[in-house]
Amino acid sequence: MRRRRFLTASGATLAGGALAGCTGSGPNSGGNGDSSKNKSKGGSGNATESTSDGTDDGSADSGGITTANGFQLVSAKVPKKVTMGKQFALKLTIKNVGDSSKAFESAVSVEGNAPGSQQMGHIQTDKIAPGKTTTWSTKLTYPYVATVDYHIAELKKTFSIDIVGETLSFGESFLSPNEIAVTVQDVTLTDHYRYKPDSGGSEDVEASDGSQWAFVTVKAENKFRMKQTLPMGNQFVLHTGGKKIKPTDHIAKEDGKYKVNKFGDRTVASGESLAGWLAYELPANVSEQDITIEWHGSDDEGSWWTRWNQ
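Quick note: the sequence shown, position 90, residue 73 per this note's numbering, numbers continuous.
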């Protein structure tokens, strides 16, 4: 069974459990709970942050929220959007409005819109003197595309964060939660191609009027320690001008094609890979800068997507 942890702490007491189900690999010893080895630099990271009292619309409320145990949430700094697998911070400023020094403690529940994504944890501050404030913070990650709710029980407050897929440049690699490394290496636009038929010699094929082909080079590699399946060719969708285009089979040549399809053998051993081209039929006026390649994937625990463009 493969397990991934996504609720963890940095500089605070927060005990996070392991995700149920089979996905990813065991947690790293570094304590950030994210076993992904994705080092791509094209991710959007924390796309948007808000500083507020934690109300759903992100607006400030100078009155704060007082719990039954005499604590007030003064402000919260929570990102609205984060790239899957990327580390982000959750910061709460809490005031002791009681008459004695004590620590703030609360259970934390985490829930994403994916099977097996529920989790429990715990936060605790040092003692806070009456009338004083302290800022509690932690570093978190989440490995799938989802809307994730972090609920602070004592504050009766929920913070929702949109976890989105990764956007990369051509040539960069994406490591999925189930440890398939995928690279869209390049895109070549052409109005003709040459191939060698079985009968020998070579033949040239011209695109129809107003059309061209995009030959996209894709590589997929199994980085997990056991056998698993590589993505199908038709999972790589080309986006241009608001249209989605799937790879075409109406290409006479076969040499070098990315041949993993729904009817083929998609299971490979650890370390094995497949690379080849996929062809898309496009309008003749489309340039490379107009093209985005998107891959969607999923496992038993959740789903993801990544996009490549110029």
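The C-beta atom is built at its ideal place from N, Cα and C for all residues, glycine as well.
| Item | Value |
| --- | --- |
| The beta strand (DSSP E) enclosing residue 227, as first and last residue numbers | 226 to 228 |
| Contact the stretch 265 to 273 vs the stretch 166 to 181: 3+ CB pairs below 8 Å | yes |
| Simplified DSSP assignment, three categories, for residue 81 | coil |
| For residue 182, the nearest candidate out of 148, 151 and 236 (CA to CA) | 236 |
| Element boundaries [beta strand (DSSP E), containing residue 204] | 194 to 205 |
| Residue from 205, 126, 163 and 208 with nearest C-alpha to residue 284 | 126 |
| Where residue 218 sits in the DSSP three-state scheme | helix |
| Presumed contact (8 Å Cβ cut-off) between residue 51 and residue 79, rounded CB distance | Residue 51 to residue 79, Cβ: 14 Å. No contact. |
| Cβ of residue 150 within 8 Å of any chain C Cβ | Considering every chain present, this structure includes no chain C. It has just one protein chain. |
| Rounded distance between the beta-carbons of residue 267 and residue 211, thought under 8 Å | Not quite, the Cβ-Cβ distance comes to about 39 Å (not below 8 Å), so this is no contact. |
| 8 Å Cβ cutoff met for residue 176 and residue 216 | no |
| The stretch 135 to 144 touching the stretch 154 to 162, judged by at least three CB pairs closer than 8 Å | no |
| Status (buried if at least 16 other CB within 10 Å, exposed otherwise) for residue 248 | exposed |
| 8 Å Cβ cutoff met for residue 197 and residue 221 | yes |
| Residue closest to residue 82, alpha-carbon to alpha-carbon, out of 228, 110 and 250 | 110 |
| Per DSSP, cross-strand counterpart(s) of residue 88 | 107 |
| For residue 168, three-class secondary structure by DSSP | strand |
| Exposure label - residue 62; buried when at least 16 CB within 10 Å | buried |
| Sheet register partners of residue 240 (DSSP bridge) | 260 |
| Range of the contiguous beta strand (DSSP E) that encloses residue 145 | 140 to 147 |
| Reference residue 123, options 151, 68 and 163, closest by Cα | 68 |
| 6 Å CB neighbourhood of residue 204 in its chain, flanking five on each side removed | 164 and 256 |
| Contact set for residue 116: own chain, Cβ-Cβ below 8 Å, skip 5 residues either direction | 57, 76, 77, 78 and 79 |
| Three-state secondary structure assigned by DSSP to residue 277 | strand |
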